[in-house]
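Down below is the structure, laid out as structure tokens.
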Amino acid sequence: MADNLGDPSNAVSMLLKRIEELEIETAKLKREKASANAAHELIDDQLDNLYGEQLEHKRVWEKDTAEKECQIEELKDIIEGVKDERNDYRFEVEELTDENYVLRKDRDKLQAALEGKDEEIAVLKARFASKDATIDRLVKENARLQEVEDTDIMEDIMESTIRKSNSQRTNLLPKSRDLQPELVLSLAAPKAPMALRQDAQSFNDTKLPIRHNKRKRPNPTT
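Mapped onto the UniProt record's numbering, the consecutive letters of the sequence shown carry residue numbers 1 to 222.
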């Protein structure tokens, strides 16, 4: 080695060789540096993109957060309103409970009063039933008396008609000595039923007084 270094030509050759190797290494380092710079630039671009995305996400997040806060406030207001309504309902329920208690007491009082009235109602029903029976009896008695009165009137009419007819027939008869016996018997014969009915109608139209010896009618009130 010392021999080699002692030779100037060998030293120059080795230097040149060393320079060439250094140049190769320098070129290699430059390529690596260029590659590293490109990588750094790529990383910087990626960082910029990530930072932009992060900013966008932050903006969206802030917007969503603001909206959610608004919704939370609205929900709080709704919850407060529901609480107020619930309190109002609670007060109404308490008032209705009190009214229900009062009404229940009134109902119990009325129920007790009605139970006390049942006996009176039963007595009144019995009285009404007795009155109905009395009214039915009086109606039947009145109908019977009406039939009796109609019968008495018809008997009066018939008797008056017969007397009137006999009186007229007696006045119209000629002397018996001037008539034959058969003619006298035919004139003295009683009238037919149709003639009697016509005379009865005539008597009813003239409103003759009713005879005084009628049968005594029972008193319907007894």
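In this text, a Cβ means the ideal position worked out from N, Cα and C, and glycines have one as well. Here the structure is a predicted model, which is why all the values come from computation and not from measurement.
- Only buried fits S160, as 16 or more other CB atoms lie within 10 angstroms of its CB.
- Spanning the alpha carbons of K105 and N142 requires a straight line of approximately 53 Å.
- Scanning the stretch 4 to 76 from its first residue to its last, no whole beta strand (DSSP E) run of 3-plus residues comes out.
- Within 10 angstroms of the beta-carbon of I157 lie 16 or more other beta-carbons, which makes it buried.
- K30 and L42 have their C-alpha atoms some 18 Å from each other.
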